Amino acid sequence: MKKGYRELLDEANAEIEVVSPEEAAGLLEDEDTIFVDLRDPREIERDGRIPGAKHVTRGMLEFWIDPESPYHKPFFASGKSFVFFCAGGWRSALATKTAQDMGLSPVKHILGGYTAWKAAGLPVEPGDKKK
């Protein structure tokens with residue numbers, strides 16, 4: 001294997017902005033910042049969500065960012081700032097690097113992801129657990 005996930009994560013983290021959950025929480029009410037949740041829908045159902053976050057599955061990110069894509073989501077062309085997160089910070093680090101490489105700016109991700117956010121006692125909404 002030429003590069004493993006650890007090397008990819010190290011490279012991404014060296015080139016992107018990383019914020020603590022507390023720093024990110026300070027942006028939660030900022031109308032010019034969009035939080036982007038990259039977790040699987042089942043994770044959100046089970047564990048809850050950060051209030052107001054947009055859900056973008058990691059597999060569709062590039063297609064939703066690119067205005068040339070038939071799947072483009074206009075909020076990515078809003079000129080706002082973006083804070084990416086996943087459960088533990090790995091997917092969001094790689095996604096933030098990809099978004100930055102595509103020209104989306106400014107972008108950052110939450111160190112430790114949603115797990116660290118919850119552990120810090122920051123605001124969450126319950127997921128829609130299937131009965």
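Its first residue numbered 1, the sequence shown is counted upward by one per residue in the numbering used here. Every residue, glycine too, gets a C-beta built ideally from N, C-alpha and C. No experiment lies behind these values; they were computed from the predicted model shown.
Within the model, the alpha-carbon separation for residue 7 versus residue 96 is close to 15 angstroms. Around the beta carbon of residue 10, fewer than 16 other beta carbons sit within 10 angstroms, so the residue counts as exposed. A contact between stretches requires three or more CB pairs, one per stretch, nearer than 8 angstroms, and the stretch 41–48 fails this requirement with the stretch 60–75. Cβ contact annotation for residue 49 (same chain, cutoff 7 angstroms, sequence separation greater than five): 37, 124, 125 and 127, in chain order. Assigned with DSSP and collapsed to three states, residue 125 falls in strand.
Ranked by Cα distance from residue 86, the first of 47, 30 and 26 is 47.
The residue from 116, 121 and 99 with its alpha-carbon nearest to that of residue 15 is 99. In this structure, the CA atom of residue 91 is about 23 angstroms from the CA atom of residue 32. Going by beta carbons, residue 106 and residue 78 fall outside the 8 angstroms limit. CA-to-CA, the gap between residue 22 and residue 52 works out to about 16 angstroms. Taken in chain order, the unbroken stretches of alpha helix (DSSP H) that lie wholly in the stretch 59–110 and span 4 residues or more are 61–65 and 90–101.
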